[in-house]
Every structure is written in C-alpha cells, then in structure tokens.
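Colleague: Sequences listed follow chains A and B, in order. Using the working numbering, you'd call the opening residue of the first sequence number 3 and step up by one each time. Using the working numbering, you'd call the opening residue of the second sequence number 3 and step up by one each time. The structure that follows is given in the form of structure tokens.
2 protein chains.
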Amino acid sequence: MPTNRPLILITNDDSVFAPGLHLLIDYVKSMGDVVAIAPDAPHSGQSSAISVNKVLQINRHEDYNGAAIYSVNGTPVDCVKLGMHAVLDRRPDFILSGINHGSNSGNSIIYSGTMGAVLEGCMLGIPSIGYSFHSHNQAYSLEACREVVEKITSRVMEQGLPSDICLNVNIPKCSKVEGIKVTRAARGFWTEEYAEYVDPHGKPFYWLTGKFHNVEPDNPETDLYWTDRGYASVVPCRPDQSAVNEIGLISDLLG
Amino acid sequence: MPTNRPLILITNDDSVFAPGLHLLIDYVKSMGDVVAIAPDAPHSGQSSAISVNKVLQINRHEDYNGAAIYSVNGTPVDCVKLGMHAVLDRRPDFILSGINHGSNSGNSIIYSGTMGAVLEGCMLGIPSIGYSFHSHNQAYSLEACREVVEKITSRVMEQGLPSDICLNVNIPKCSKVEGIKVTRAARGFWTEEYAEYVDPHGKPFYWLTGKFHNVEPDNPETDLYWTDRGYASVVPCRPDQSAVNEIGLISDLLG
C-alpha cells in the first residue's frame, strides 16, 4: 500500500535472522515505511563484495513489527542492488545497515559488510547510515543503542547528508552512552591474525583472528578514543578513495 | 635463498591460473625476488572481503619463470594477510596486484578484489600498485601493458609512495598506449544491473550484469576520459575513507 511516508531500506551483514536487524526496525519504524532486505546467512567481513558469477534468489519471510522482510543469498551490497532492482516498488529515501554485532571502528570499515551496504547506498545518492554495537554477544542488550539510533536517524531524515557522504556509527558496550562525537577512523593495524592448526595429514591450516592495534589511542580526533570512553562515534565516510590532493605529487613521481 | 634484492609480492583476484598473473611476473622479475600468492579460484568483485569463518589452506604450485607460486582458498586480501603470516620469510618491499582481466576504472575500485589486495598492502605500509587491463578476453594480448607496468613499477621501486597512498592503474585495450595520466576516478553509477530468469518452478532468479554510466565523460580530470583515448590512467587511492573535512558539518547536523 503506497504511502507518503519516507521509505527506509534496512540491511545488515549478520543476516535476516540477527537480533540487531530487528532492534533497528523497532527503533525507526515510527519514522517511515520500513522494508528489510538482508543476507540469508552471516556475511561479516564481506566489505563491498558483489556476487559476479552466482545465481541470486530472493525469499520473503514473515513480517516483523510492520516491516516486510526479505533475504537474498548474497552479500550486503547484493541486498541493496537486488533489493532496489526487484523488491522495492520505489526508490528508498534512506538506507540503514545494522545494528551490527561487533565494532566497525578504526580501519575495520574497509572489511565491513555493514558499511559495504552503506557505501553502496551513498554511491546511489541515498543518505545512508551504518550502526555497529561493540559486542559480538547477541544476548547482550542493545537497548543502549536506542537513543543513538533514534537521534542520528531522525536528524539525517530531517536534514539529509551531503551527497557523497555516509555515516559510520559505532556504539560502545555500555548501558547508557555518554554522548555522540563526530570523528575520523583511528589509525592502526591488525596483529596475531591467524590461529594455526594441523590437519590429520600433517598439513597446516589457518583461521582468521587478530586484534586491532590502535597506534593513536590518546588522540581525541579518533573514533576509538571516544568509544573507549563510553561515547558513540560518528565517522563521515566518502566512498570515492581517489586521493585528489596527491595527483600532482604522483604525476611528478611518474613523469 | 635470501638475497639483497627487493621482495615483490604479486597477487590478483583472477586466480593463480590467470594469464595476467604470469605476465606481471614476466614484466617485473628482473626488478626483484618475486613470490606470487593468489586465490585458488576467480574472486572478481570481492573488494576487501576477508574470510572470517572459514578454514584457509595454502598450496604450492610449480614455479613460474623463477617465481614461487602459492594459492590460498580465499580472497585477495586473505592472500596478502596469510601470505605474509605463513609463506614469506621477510616482509615484502612491494605488492603488485593483477594484471586484472577487466577494468577497475570509475567506481569499480570499491568492488575490485584486485584493488582490495592493494589497499591492504597500503594499510600495512607497503608501496602497492594494482594493474588492470580493459579486456575480459584472456586471449587478447596483454603485451600493450608491458611498457606501462615496467615504467610505473620501476619508478615506485626507486622513489616509493606516500605512506597512505596506493595506485590504481588502468590500461586501455589497444596495441600501444599513448601515455600515462594521473587522474581521479570518474563519477557514475551502474545501470541494467541484473539479467532475470525463471526457474522450473516459476520462481525468478537473477545474475549480476550492468554497465557503468559515466556522468562526466568529457572531464579530463577523470580516469575514463583518458583510457577512452588510449592512455593508461593512474588513480592515487587512500584506504581511509574518513571524510575529515566534513566532521564540522556533520557535528552541526547532529548537534
């Protein structure tokens, strides 16, 4: 049934069955018509991956709290692209992704399927926000997120975003957030990246693990500084990675 | 056998069996010690995806033209991370990815597994370059690429790159390139994104396709302007997508 309310497309990378998806629907359902289109299975770490040589299918699930729910056997970006192509009967006014179970602070954004969907929405010219909660424990209450999600979503719905900017919101693990800080991603690198095993034939195999080593933990310009202190962080992100200020320098180097 | 020559790690997203990988080895083998670690199967469109819940294994293949060759059952970023963890006995001095069979111009970089590996190398502080050739036809000669690859690789090996910058090089389909232009990614969007089918039970399914619609085809600041005119394009790229110049504006919006 068409309405005049804004259409909010919700997706994530934890799958259509993730509690964070349902909580995000709960938090924003009063703000518009909500349709959720999310992967049929967990797709953490999928970045902006797309399925280029695979058949994609869509399945409808039981509605949740007034929102239609669909799954796609693909990545978060597949959900945005195929959802807009084959599910939605109008262009979404906003795209929200999450609430992710786990941090997307620091350089994690580049690996994040949650943010892959958000960057895709931004490239389509749709104001898009990713929400991540700093706990992988799905039993942990996400209620601390409500205030942050409601405030940021409603402000963006009222005022929009610059056309090439989307938001990466991270919410610390606490019962109440201290406030919201707009920052940049903390610089760092990953250590202890693999657990090592040996198969029954004596051949090694590996499982990705790792810790993010923040090289600037005391810098209040960064997201992790604030999430470590109980604040939600908001990092404005630009999908286009072209380093336009370096064109002259690289021209000289290659000239 | 340790040497004093620079160590060049080569990877790609078209797999260890792709002709472009072997050509890249041919072009740079005189410049250093070369080890190739690439996916065991094609991984186009994998962006910066990582395998978070999957066992990774490494297999050694027959050497090619003096280079040791390994495959990983994962993504291009997995190849860089696991290769550095478990294959290489020293930190690579340079990472090269490609030569990709197909364009990574415009906003394709965000989906590109070729460039996912390059962005990963850059985040590790290693000068990294992605090479893509504008033809999916693997029978098409890639010899036109030799001059471009040799020139850019040797310059970067002599002079390095700024620590947070990597290069996305695109080479047009032609027998000889006109020159090299340092640019930014052309803005645009994808159209006609899915071929549609119906399964034997009457249920639709989809296969990703699509054309990039360049919204600024006459802009000489962009990569596609030059590749359309027979030049190789070089886009300096920054992995960190934080839009630091927008922090004030977004703070006001959320304040």
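Glycine included, every Cβ here is placed at the ideal spot set by N, Cα and C.
Which value, in whole angstroms, describes the spacing of the CA atoms of Y208/B and V57/A?
Modeller: Between Y208/B and V57/A, the C-alpha separation is close to 6 Å.
Colleague: Helix, strand or coil for N247/A, going by three-state DSSP, please let me know.
Modeller: Residue state, collapsed to three classes: helix.
Colleague: Suppose the cutoff is 8 Å on Cβ atoms and the five residues either side in sequence are ignored; what does the same chain contact list for G118/A look like?
Modeller: Answer for G118/A: D15, Q48, S49, S50, A51, T77, P78 and V79, listed in chain order.
Colleague: For the segment 23–97 of chain A, which segments carrying the beta strand (DSSP E) assignment without a break, of at least 3 residues, lie completely within its bounds, in sequence order?
Modeller: The qualifying runs are 35–41, 60–66 and 69–74.
Colleague: Does the segment 234–254 of chain B come close enough to the segment 231–242 of chain A to have 3 or more Cβ pairs within less than 8 Å?
Modeller: Contact between the segment 234–254 of chain B and the segment 231–242 of chain A is present, because at least three Cβ pairs lie under 8 Å.
Colleague: Measure the C-alpha to C-alpha separation of N221/A and F214/A and round it to an integer number of angstroms.
Modeller: Cα to Cα, N221/A sits roughly 16 Å from F214/A.
Colleague: Assuming N40/B contacts C81/B (C-beta within less than 8 Å), just tell me the rounded distance between them.
Modeller: Here residue 40/B turns out to be Ala, not Asn, going by the sequence shown. With a Cβ gap of about 6 Å, A40/B and C81/B count as contacting.
Colleague: Under 6 Å from any heavy atom of the ligand ZN, does the C-beta of F207/A make it?
Modeller: The ligand ZN is absent from the structure shown, which contains no ligand whatsoever.
Colleague: Near N61/B, what residues of its chain come up, given a Cβ to Cβ distance below 6 Å and the 5 sequence neighbours on each side ignored?
Modeller: S73, listed in sequence order.
Colleague: Going by DSSP in three states, G174/B sits in which element: helix, strand or coil?
Modeller: Going by the sequence as given, residue 174/B is Pro instead of Gly. It is coil, neither helix nor strand.
Colleague: Taking Cβ to Cβ, would you say L121/B is nearer than 7 Å to P241/B?
Modeller: Contact flag set, yes.
Colleague: How big is the Cα-Cα spacing for S156/A and H103/A?
Modeller: Using only the alpha carbons, I get a separation of about 22 Å.
Colleague: Helix, strand or coil for G204/A, going by three-state DSSP, please let me know.
Modeller: Reduced to three states, the DSSP call for G204/A is coil.
Colleague: Specify, as a first and last residue, the run of the alpha helix (DSSP H) that Y227/B falls within.
Modeller: Residues D225 to T229.
Colleague: Just the C-alpha distance for L9/A and G100/B, rounded to the nearest angstrom, thanks.
Modeller: Whole-angstrom Cα-Cα distance: 41 Å.
Colleague: Note down, in chain order, each residue of its chain lying with its Cβ closer than 7 Å to the Cβ of G123/A, except the 5 sequence neighbours on either side.
Modeller: Taken in chain order, the residues that qualify are V82, I97, S130 and C168.
Colleague: Using a C-beta to C-beta distance shorter than 7 Å, which residues of chain A count as neighbours of T155/B?
Modeller: Within 7 Å Cβ-Cβ: nothing; T155/B doesn't reach chain A, min ~11 Å.
Colleague: Could you tell me the alpha carbon to alpha carbon distance between G85/B and H63/A, rounded to whole angstroms?
Modeller: Whole-angstrom Cα-Cα distance: 41 Å.
Colleague: Which value, in whole angstroms, describes the spacing of the CA atoms of G34/A and D91/A?
Modeller: If you take the alpha carbons of G34/A and D91/A, they lie about 15 Å apart.
Colleague: Using the DSSP secondary-structure output, state which residues sit across from A146/B in a beta bridge.
Modeller: Its beta-bridge partners do not exist; DSSP assigns none.
Colleague: Under 7 Å, do G108/B and C176/B count as touching if we go by C-beta distance?
Modeller: Not in contact: G108/B and C176/B (Cβ atoms no closer than 7 Å).
Colleague: Have a look at F19/A and A43/A and give me their C-alpha separation to the nearest angstrom.
Modeller: Approximately 8 Å between the Cα atoms of the pair.
Colleague: State the beta-bridge partners of C168/A as determined by DSSP.
Modeller: According to DSSP, which records beta bridges pairwise, C168/A is partnered with C239/A.
Colleague: Measuring only between beta-carbons, confirm whether H87/B sits less than 7 Å from chain A.
Modeller: Yes - at least one Cβ of chain A is within 7 Å of the one on H87/B.
Colleague: Whole angstroms are fine: how far does the CA of G190/A sit from the CA of K298/A?
Modeller: Residue 298/A lies beyond the residue range present for chain A, which begins at 3 and ends at 257; the question has no answer from this structure.
Colleague: I'd like to know whether the C-beta of K83/B is nearer than 7 Å to at least one C-beta of chain A.
Modeller: Yes, K83/B counts as interfacial toward chain A.
Colleague: For S50/A, which residues in chain B fall below 7 Å Cβ to Cβ?
Modeller: The answer, in chain order, is S49, I112 and Y113.
Colleague: Whose C-alpha, out of I252/A, V184/A, H87/A and V150/A, is nearest the C-alpha of F135/A?
Modeller: Comparing Cα-Cα distances from F135/A to each of I252/A, V184/A, H87/A and V150/A, the minimum goes to V150/A.
Colleague: Taking its Cβ as the centre, do 16 or more other Cβ atoms sit within 10 Å of Y199/A, making it buried, or is it exposed?
Modeller: Y199/A is exposed by the Cβ-count criterion.
Colleague: Check the Cβ-Cβ distances between P241/B and every residue of chain A, and say whether any is below 7 Å.
Modeller: It does: the Cβ of P241/B has a partner Cβ on chain A nearer than 7 Å.
Colleague: Since I believe G115/A is in contact with S46/A (beta carbons under 8 Å), could you give me their beta-carbon distance rounded to a whole number of angstroms?
Modeller: Their Cβ separation, rounded to whole angstroms, is 6 Å, which keeps S46/A and G115/A in contact under 8 Å.
Colleague: Name the chain A residues that come within less than 7 Å of E248/B, Cβ to Cβ?
Modeller: In chain order: P164, I167 and P238.
Colleague: Could you check which residue in N6/B, T5/B and L23/B has the C-alpha nearest to that of I12/B?
Modeller: It is L23/B.
Colleague: What residue does the beta strand (DSSP E) around V120/B start on, and which one ends it?
Modeller: Taken as a continuous stretch (DSSP letters only), V120/B belongs to no beta strand (DSSP E), being part of the alpha helix (DSSP H) at G115 to M125.
Colleague: Leaving out five residues before and five after Y29/B in sequence, what residues of the same chain have Cβ atoms less than 6 Å from its Cβ?
Modeller: So the list reads R148, V151 and E152, once near-sequence residues are dropped.
Colleague: Return no unless some Cβ of chain B is closer than 7 Å to the Cβ of N61/A.
Modeller: Output row for N61/A: interface = no.
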